[in-house]
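As structure tokens, the structure follows; a few thoughts come after it.
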Amino acid sequence: MEKNDAAAENGSELQRYRTLYDMLLEAIPSSVLLIDRDLRIVSVNRNFLEKNRRTLPDTIGRRLDEVFPAIIIDQMDFSGRIRQVFERNYYIKGERMTYRAPGIPLRIYYYSILPFSWKGVVELAMLLMEDVTEQVRLSEEVRRVERHLASVVESAQDIVLSTDMEARILTWNTAAERLSGFTLNEVRGEYFFNLFHRDDQGEMSNVFANLRAGKDAQMVEWDLKTKDGGRVPVSWIFSPMKDHLSQTVGVVAVGRDLTERRKFEAQLLQSQKLAALGVMAGGIAHEIRNPLAVCASAAQFIMNPEISPEFRQECAEKIHAGIHRASMIIENLLRFSRPSVQTDLKEIDLNFLLEETLSLVTNQARIQKIEMHWQAAPEPIRINGMEGLLQQAFLNLLLNAIKAMPDGGALGIAMDKTDREAWVSISDTGHGIAANDLNNIFDPFYTTAPAGQGSGLGLSICYSIIKQHFGTIVADSEAGKGSTFTVRLPMMEANAA
Amino acid sequence: MSEQSDLILIVDDEPDMCWALEHLLHSQGLATRRGLSAREALELMQQERFSRVFLDAKLPDMDGLELARRILEIAPATRVIMVSGYFYRNDVSIQEAVSQGLIHGFISKPFLQEEILKVLTA
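Respectively, the protein sequence lines represent chains C and W.
Heads up, the first sequence is in my numbering, so the first residue is 3 and it goes up one at a time.
Heads up, the second sequence is in my numbering, so the first residue is 34 and it goes up one at a time.
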């Protein structure tokens, strides 16, 4: 009785284990098959049946080649591998298999074949198949996105590069290679600064310091050194590169080749000059005809044979002086009207430049009865700059001031310098700029002048020129009272002085 | 000439222009005064009587045509001749000024001495 109970208990215990085993097998989210030496399927779990749309009766006892497509059996050499598991008692782990059963979408599996031994003899082989279709699809998607991003960067016409926080170059796109002539291999790990000329390097370390300090994008214009020793003007935008925790881990720089824009600007400048010449023409005509009239009168006196030698001498001197004056005016005009293609920096005395520019508008100012208050700096102000461009910028500002005072007023020009910068302010007592226009005055084509009387380009050209000199230009104005434009330019570095 | 004074006023901010006109007029036995600005010219107009005024169009402190108007206010019988490098003879503003009687003649710079002498007899 006791014995029977124990046996019955044993039997139900066994039954419980078998049920548990079956449940376990059914619950595994992978396909599990047991295969015997004849390559017949002995056991199979629900996962396999469901994935392959098979039933237990048409699977159990079948040979592998009746259940798996022949192409898989052949390609994977299933039979050979299973035989090896039986003979040598070893694993085959983590192989990949692309499975396409009839009527079923393509699946990708990782499979392992494990020996199933009893007392040292391999009784069965267990085939474990894990469906990794989703994972593979995801990682392919990731790779596709990566490839896409890479080709976006590579196809860009602009330079796209990244550096670490110390400004060492990490990546460098095709446009960067094309513009600079340096390949990624030549610049990887190099300091970004080394690709530029020494003049810009001070400003450059400021930009990187700002980015490290958490500042947002920074815009600058620096010339890139090229492999063949040239330089390309490039406008740069530097942005902090953040990781998923919003920590700045590097810097992304996007650079646009300004060569074409500079050419366009040069053309624009030339047409601006012609427009300015138009404004100046009236004043110049007046100014030239005065000395001409003096010369003509003096010449007519000389034609009279009866005049005294002293008067004759005086007349000759007047003629001489008059011609000199007229030709100076013409020379100024000539110098101004020449296209200034020269873009190399040279040492300029701002005092002298302003004085010369002022002489171009003096006549126009006089005609409009404008008082000029010219306050030269006590000593020369030497800066590095492009003379023709700066002259154009100041001329535009002066002509604007004059234009703002059709009924006379006062034009003030003041300038001075500190250790770090030079400044020039040009003020007028004209009609001023309305507060809501003040924000737009440096925008191209922004004008309040009637059609045909202003291109809206003058101030945007000033802005561009001053920017090219790493300076700033700001406007203060009150409608009805007048305007003041202040230009600040960095002083040239104290070299061999 | 007229029974009035033969004194002539020359107004030009350019001293050499005044010099040229003065020499020419003096050679004709005429007396002149010189004003280098509108202010100086108006002061002289208050002090003396002038038969004629040779007037530049653009002065540092006043427009020539405006000065002509003020001169005629002071001495309506004065003949005002504009001598200018800024305008040309057919300029609308010059033709208007002539038709309004603001100026009685216009000579453009540079000029021939005969042109000046001609207006003296007009």
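Backbone N, C-alpha and C define an ideal beta-carbon position, used for all residues, glycine too.
Would you call V363(C) buried or exposed, if buried means 16 or more other Cβ atoms sit within 10 Å of its Cβ? In the first sequence, the residue the question calls residue 363(C) occupies position 361. The residue is buried, with at least 16 neighbouring Cβ atoms inside 10 Å.
query = Counting contacts by CB-CB distance shorter than 9 Å, is L57(W) in contact with chain C?
reply = Within the second sequence, numbered from 1, the residue matching residue 57(W) stands at position 24. Put simply, the CB of L57(W) is near chain C, with a gap under 9 Å to one of its CB atoms.
- Task: Return helix, strand or coil for M493(C), following the three-state DSSP convention.
- Result: The count along the first sequence starts at 1 and reaches residue 493(C) at position 491. Secondary structure of M493(C) (DSSP, three-state): coil.
Requested in this report: Return no unless some Cβ of chain C is closer than 9 Å to the Cβ of G160(W).
Outcome: Residue numbering for chain W in the displayed model covers 34 to 155; residue 160(W) lies beyond these limits and cannot be assessed.
On the three-pair Cβ rule with 8 Å, is the stretch 397-405 of chain C touching the stretch 461-469 of chain C?
Cβ pair count under 8 Å is three or more, so yes.
*Measure the alpha-carbon distance for E147(W) versus A64(W) and round it to whole angstroms.*
What you label residue 147(W) is simply residue 114 of the second sequence in a count that begins at 1. What you label residue 64(W) is simply residue 31 of the second sequence in a count that begins at 1. Cα atoms of E147(W) and A64(W): separation of roughly 18 Å, rounded to the nearest angstrom.
Among residues of its own chain, excluding the 5 on either side of V254(C), which ones have a beta-carbon nearer than 6 Å to its beta-carbon?
-> Along the first sequence, read from residue 1 onward, the residue named residue 254(C) stands at position 252. If we look at V254(C) and ignore the five residues flanking it on each side, its Cβ neighbours are S164, S241, M243.
TODO: Work out the CA separation of I114(W) and I41(W) for me, nearest whole Å.
DONE: Within the second sequence, residue 41(W) is the residue found at index 8, counting from 1. Within the second sequence, residue 114(W) is the residue found at index 81, counting from 1. Between I41(W) and I114(W), the alpha-carbon positions lie close to 11 Å from each other.
Report task. Please confirm if F144(W) has its CB atom under 9 Å from at least one CB of chain C. Result -> Here residue 144(W) refers to the residue found at position 111 when the second sequence is read from its first residue. Closer than 9 Å: yes.
Review point. Using a Cβ-Cβ distance under 9 Å, would S126(W) count as near chain C?
Key: For the purposes of this step, residue 126(W) is taken as residue 93 along the second sequence, with counting starting at 1. Cβ-Cβ to chain C under 9 Å: no for S126(W).
- Rounded C-alpha distance that separates V1(C) from L226(C): There is no way to answer for residue 1(C), as the model of chain C reaches only from 3 to 499.
Does L294(C) have its Cβ less than 9 Å from a Cβ in chain W?
Start at 1 with the first residue of the first sequence, and residue 294(C) comes out as number 292. At least one C-beta of chain W is nearer than 9 Å to the C-beta of L294(C).
Which two residues bound the contiguous beta strand (DSSP E) that contains M131(C)? Walking along the first sequence from the start, residue 131(C) turns up at place 129. Counting along the chain, the beta strand (DSSP E) containing M131(C) begins and ends at 123-133.
Does the contact criterion of 3 or more C-beta pairs under 8 Å hold for the stretch 400-415 of chain C versus the stretch 213-228 of chain C?
Because the criterion of three Cβ pairs below 8 Å is not met, the stretch 400-415 of chain C and the stretch 213-228 of chain C do not touch.
inquiry  = Counting C-beta neighbours from all protein chains within 10 Å, is the total for E289(C) 16 or more, i.e. buried, or is it exposed?
reply    = What you label residue 289(C) is simply residue 287 of the first sequence in a count that begins at 1. Counting other Cβ atoms within 10 Å of its Cβ, E289(C) reaches 16 or more and is therefore classed as buried.
List, in order along the chain, the chain W residues whose C-beta lies closer than 7 Å to that of H288(C)? Taking the first sequence and counting its residues from 1, one reaches residue 288(C) at position 286. Using a Cβ-Cβ cut-off of 7 Å, H288(C) is close to K91, G118, Y119 of chain W, given in chain order.
Considering only C-alpha positions, which residue in the set N12(C), E349(C), A158(C), A395(C) is nearest to Q274(C)?
-> For this step, residue 274(C) is matched to residue 272 along the first sequence. Proximity to Q274(C) across N12(C), E349(C), A158(C), A395(C) peaks at A395(C), based on C-alpha coordinates.
In chain W, which residues lie less than 7 Å from R368(C) when you measure between Cβ atoms? Counting from 1 along the first sequence, the entry for residue 368(C) is found at position 366. The contacting residues are K91, P93.
Quick check: what's the CA-CA separation for I350(C) versus W425(C)? In the first sequence, the residue the question calls residue 350(C) occupies position 348. In the first sequence, the residue the question calls residue 425(C) occupies position 423. Taking the straight line joining both Cα atoms gives about 14 Å.
At a cut of 8 Å, does the stretch 296-306 of chain C reach the stretch 257-270 of chain C through at least three beta carbon pairs? Three or more beta-carbon pairs separated by less than 8 Å are not found between the stretch 296-306 of chain C and the stretch 257-270 of chain C, which leaves the two stretches without contact.
Discussion item. For A496(C) and K348(C), I'd like the C-alpha separation in whole angstroms.
Written reply: As a first step, residue 496(C) must be located in the first sequence, where it is residue number 494. As a first step, residue 348(C) must be located in the first sequence, where it is residue number 346. Since pLDDT at A496(C) reaches only 44, below the 50 mark, its modelled position is unreliable, and the value read off the structure follows with that caveat. Going by the C-alpha atoms only, they are around 14 Å apart.
> So T165(C) is in the beta strand (DSSP E); what residue range does that whole segment cover?
Replying inline: Within the first sequence, numbered from 1, the residue matching residue 165(C) stands at position 163. Counting along the chain, the unbroken beta strand (DSSP E) around T165(C) starts and ends at 161-166.
Exercise. Whole angstroms is fine: what's the gap from I383(C)'s alpha carbon to G434(C)'s?
Key: As a working note, residue 383(C) is residue 381 in the first sequence. As a working note, residue 434(C) is residue 432 in the first sequence. Put simply, the backbone Cα of I383(C) is about 29 Å away from that of G434(C).
**Message:** One question on the structure: do E132(C) and S32(C) come within less than 9 Å of each other, judged by their Cβ atoms?
**Reply:** For the purposes of this step, residue 132(C) is identified with residue 130 of the first sequence, where counting begins at 1. For the purposes of this step, residue 32(C) is identified with residue 30 of the first sequence, where counting begins at 1. Result yes, Cβ atoms of E132(C) and S32(C) sit closer than 9 Å.
Inter-residue Cα distance where the pair is E148(C) and V155(C): Residue mapping note: residue 148(C) aligns to position 146 of the first sequence, counting from 1. Residue mapping note: residue 155(C) aligns to position 153 of the first sequence, counting from 1. Taking the straight line from one Cα to the other gives about 11 Å.
From Q128(W) to A101(W), what distance separates their C-alpha atoms? Taking the first residue of the second sequence as 1, we reach residue 128(W) at position 95. Taking the first residue of the second sequence as 1, we reach residue 101(W) at position 68. Roughly 14 Å between the two C-alpha positions.
* Relative to the alpha-carbon of E97(C), which residue among E89(C), R263(C), K371(C), R83(C) has its alpha-carbon at the smallest distance? -> Walking along the first sequence from the start, residue 97(C) turns up at place 95. When each option's Cα is compared against that of E97(C), the closest is R83(C).
Can you tell me which of Q159(C), N334(C), L186(C) puts its alpha carbon nearest to the alpha carbon of L172(C)? Along the first sequence, read from residue 1 onward, the residue named residue 172(C) stands at position 170. If we check each option's Cα against that of L172(C), L186(C) comes out closest.
_Coarse secondary structure for F198(C), derived from DSSP in three states_ = One-based indexing of the first sequence puts residue 198(C) at position 196. In the displayed model, F198(C) falls within a strand according to three-state DSSP.
Discussion item. For a cutoff of 9 Å on Cβ pairs, would you count C464(C) as touching chain W?
Written reply: Here residue 464(C) refers to the residue found at position 462 when the first sequence is read from its first residue. Cβ-Cβ to chain W under 9 Å: no for C464(C).
Practice task
Out of M128(C), R42(C), K95(C), R109(C), state which residue places its alpha-carbon closest to the alpha-carbon of L35(C).
Solution key: For the purposes of this step, residue 35(C) is taken as the residue at position 33 of the first sequence. The shortest C-alpha to C-alpha distance from L35(C) to any of M128(C), R42(C), K95(C), R109(C) is the one to M128(C).
* **chain W contacts made by the stretch 310-327 of chain C, where a contact means CB separation under 8 Å** => Those residues of the stretch 310-327 of chain C placed with their C-beta closer than 8 Å to a C-beta in chain W are F313, K320, A323, G324, ordered along the chain.
message: Quick check on Q377(C): does DSSP put it in helix, strand or coil?
response: Reading the first sequence from its first residue, position 375 is the one you call residue 377(C). Of the three classes helix, strand and coil, the one that applies to Q377(C) here is strand, per DSSP.
- Task: State buried or exposed for P117(C), treating a residue as buried only when at least 16 other CB atoms are found within 10 Å of its CB.
- Result: Position 115 of the first sequence, counting from 1, holds the residue named residue 117(C). Buried: at least 16 other Cβ atoms inside 10 Å.
Q.
Let me see if you follow: with CB-CB separation under 9 Å, is L54(W) close to chain C or not?
A. If you number the second sequence from 1, residue 54(W) lands on position 21. Closer than 9 Å: yes.
Identify the contact partners of Q203(C) in chain W, using a Cβ-Cβ distance below 8 Å as the criterion. The residue given as residue 203(C) occupies position 201 in the first sequence. Think of a sphere of 8 Å around the beta carbon of Q203(C): no beta carbon from chain W falls inside it, the nearest being about 51 Å out.
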